[in-house]
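S.K.: Using my numbering, read the sequence shown as starting at 2 and increasing by one per residue.
Each residue gets a CB set at the ideal place from its N, CA and C atoms; glycine is no exception.
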Amino acid sequence: MYQLIATQYLMQFYPAAEYAESKLEFDIEGGKFVASGRELLKPGWRVLVRSSKKESDVPFVPALEKGQVLTCREGEITAKKTEPPKHFTEATLLQAMTGIARFVLDDNLKKILRETDGLGTEATRAGILDTLFKRGLLSRSGKSVLSTPAGKGLVDALPDIATYPDMTAHWERQLHDMSEKRQAYAPFMSQLENQLDGLIDGVKSSPVPESLRSLPKVEKKPYRKKGGKGRTTRAKKNYQGKG
C-alpha cells in the first residue's frame with residue numbers, strides 16, 4: 002500500500018508522456034476501413050508504472066498523404082469474441098480515480114474533471130480504498146479488486162446522483178469559482194446541505210431496497226468502540242441484510 006501511495010505521489014512531478022498518434026481511413030469498394038496506431042516518444046510519468054502491455058505491442062501505421070491511392074493486396078475476416086473489462090487492481094483503481102473524467106456522463110463536466118485531481122487527492126485515495134476494504138464493500142482476489150455483495154447492494158440502493166462522479170465535477174467547478182472569487186462560500190454550503198438533507202430524507206422515507214434485503218448473513222460481528230478508554234469490543238447484535 003505504501004508503494005502505491007508513494008508512486009502516485011511522485012507521478013505529479015514527472016512530465017507528461019508524449020506519443021505520436023496516427024489514424025488512417027480507407028475507402029475500399031464503398032466500405033470504410035480504419036487503421037490506427039501510436040508510438041511512444043517520451044515516457045514521462047509512465048516510467049513509474051509497470052504495464053503488462055508493452056508500448057511496442059501497439060501497432061504503428063506509416064505516414065500517408067491525404068487522397069493517396071493504394072492497392073489492397075489481400076483481406077481476411079477474423080472471428081473474435083468480446084471480453085468483459087478486466088477487474089481493477091489496487092494500482093489501476095487508483096489510476097482510475099485520478100482519471101475519473103472518463104466515467105462522467107456529461108461532456109461539459111468531463112472537461113472540468115480533466116483539469117482537477119479526480120476523486121480524492123494523492124494523499125487520500127489509498128485511504129479511501131482502505132476504508133472500503135475494512136467496511137466489507139470491496140474484497141481482494143489475488144491482485145484483483147472485487148465488489149462484495151454488500152458493495153453491490155449499496156450501489157444498487159443509492160440514487161443515480163450518488164453513484165456517478167458528476168456530482169464531484171459540479172463541486173469542483175464551484176470550488177474553482179470560489180478560488181477565482183466568482184462565487185461565495187455560503188451559497189455553496191447552503192446548496193450542498195440542502196442536497197444532502199434531501200438524499201438522507203429520501204432514504205429514511207423509502208423502504209429497504211431489495212438489493213439490501215437479500216444480503217447474506219454477515220460472518221463476523223462488526224466492531225465498535227465502547228467506553229472512553231478507546232477499547233474495541235465486538236458488538237453483541239448480529240446485523241443482517243433484513244428490512
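#1: Which class does Ala36 belong to by DSSP, given the choice of helix, strand or coil?
#2: Would you please state the rounded distance, in angstroms, between the beta carbons of Ala21 and Arg39? I believe it to be under 8 Å.
#3: By how many angstroms is the C-alpha of Gly68 removed from the C-alpha of Val35?
#4: If you compare alpha carbons, which of Leu106, Leu49, Gly32 is closest to Cys73?
#5: Between the Cα of Asp157 and the Cα atoms of Pro188, Pro63, Ser212, Arg103, which residue gives the shortest distance?
#6: Who are the Cβ neighbours of Ala102 in its own chain at under 6 Å, not counting the five residues just before and after it?
#7: Could you say if the stretch 91 to 99 and the stretch 116 to 132 meet the contact criterion of at least three C-beta pairs nearer than 8 Å?
#8: Taking DSSP's pairing of strands, which residues face Arg103 in a bridge?
#9: Exposed or buried, Ala185, counting other C-beta atoms within 10 Å across all chains shown (16 or more means buried)?
#10: Enumerated in chain order, which unbroken segments of the beta strand (DSSP E) with a length of 3 residues or greater are wholly contained in the stretch 140 to 221?
#11: For the alpha helix (DSSP H) that Tyr10 lies in, which residues bound it at each end?
#12: From this set, Leu130, Arg183, Trp172, Arg174, which residue's C-alpha is nearest Tyr3's C-alpha?
#13: Tell me the DSSP secondary structure of Glu26 in three-state form.
#14: Have a look at Leu138, Val204, Glu194 and flag the residue whose alpha-carbon is nearest the alpha-carbon of Pro160.
#15: Compute the minimum distance between the beta carbon of Asp178 and the heavy atoms of the ligand COA, and state whether it is under 8 Å.
#16: For Gln196, count neighbouring Cβ atoms within 10 angstroms of its own Cβ and tell me buried if that reaches 16, exposed if not.
#17: Skipping 5 residues on each side, what residues in its chain have a beta carbon closer than 8 Å to that of Phe104?
#18: Just confirm the distance between the C-beta atoms of Gly154 and Leu139, as a whole number of angstroms; I'd bet it's less than 8 Å.
#19: Are the CB atoms of Val50 and Ala92 within a distance shorter than 9 Å?
#20: Could you please give the first and the last residue of the uninterrupted alpha helix (DSSP H) stretch that includes Ser126?
M.R.: Considering the structure as presented:
#1: Stepping through the sequence shown from its first residue, residue 36 is reached at position 35. Reduced to three states, the DSSP call for Ala36 is strand.
#2: Here residue 21 is taken as the residue at index 20 of the sequence shown, counted from 1. Here residue 39 is taken as the residue at index 38 of the sequence shown, counted from 1. The beta carbons of Ala21 and Arg39 sit about 6 Å from each other, so the pair counts as a contact at 8 Å.
#3: On the sequence shown, position 34 is the one that residue 35 refers to. On the sequence shown, position 67 is the one that residue 68 refers to. Each residue's Cα considered, the two are about 14 Å apart.
#4: Indexing the sequence shown from 1 puts residue 73 at position 72. That would be Gly32, whose Cα lies nearest to the Cα of Cys73.
#5: Position 156 of the sequence shown, counted from the first residue, corresponds to residue 157. Closest option to Asp157, Cα to Cα, is Ser212.
#6: Stepping through the sequence shown from its first residue, residue 102 is reached at position 101. Lys111, Leu114, Arg115.
#7: The answer is yes - the stretch 116 to 132 touches the stretch 91 to 99, with three or more Cβ pairs under 8 Å.
#8: What you label residue 103 is simply residue 102 of the sequence shown in a count that begins at 1. Arg103 pairs with nothing; no bridge assigned.
#9: The residue labelled residue 185 in the question sits at position 184 within the sequence shown. That one is exposed.
#10: Within the stretch 140 to 221, the runs of beta strand (DSSP E) at least 3 residues long that lie entirely inside it are, in chain order, 145 to 148.
#11: Sequence index remark: in the sequence shown, residue 10 carries index 9 (1-based). Bounds of the alpha helix (DSSP H) holding Tyr10 are 3 to 12.
#12: Along the sequence shown, one-based indexing puts residue 3 at 2. By alpha-carbon distance to Tyr3, the top candidate from Leu130, Arg183, Trp172, Arg174 is Leu130.
#13: Counted from its first residue, the sequence shown places residue 26 at position 25. In the structure shown, Glu26 sits in a strand (DSSP, three-state: E or B).
#14: By one-based count along the sequence shown, residue 160 stands at place 159. Out of Leu138, Val204, Glu194, Val204 has the C-alpha closest to the C-alpha of Pro160.
#15: Questions concerning the ligand COA fall outside what the structure shown contains, since it holds no ligand whatsoever.
#16: Stepping through the sequence shown from its first residue, residue 196 is reached at position 195. Exposed, by the Cβ-count rule.
#17: Within the sequence shown, the letter at position 103 stands for residue 104. So the list reads Ala97, Tyr165, Pro166, once near-sequence residues are dropped.
#18: Position 153 of the sequence shown, counting from 1, holds the residue named residue 154. Position 138 of the sequence shown, counting from 1, holds the residue named residue 139. Not quite, the Cβ-Cβ distance comes to about 13 Å (not below 8 Å), so this is no contact.
#19: On the sequence shown, residue 92 is found 91 positions in, with the first residue counted as 1. On the sequence shown, residue 50 is found 49 positions in, with the first residue counted as 1. Cβ distance < 9 Å, so Ala92 and Val50 count as in contact.
#20: If you number the sequence shown from 1, residue 126 lands on position 125. A quick correction: the sequence has Arg, not Ser, at residue 126. Annotation for Arg126: the continuous alpha helix (DSSP H) segment containing it runs 126 to 135.
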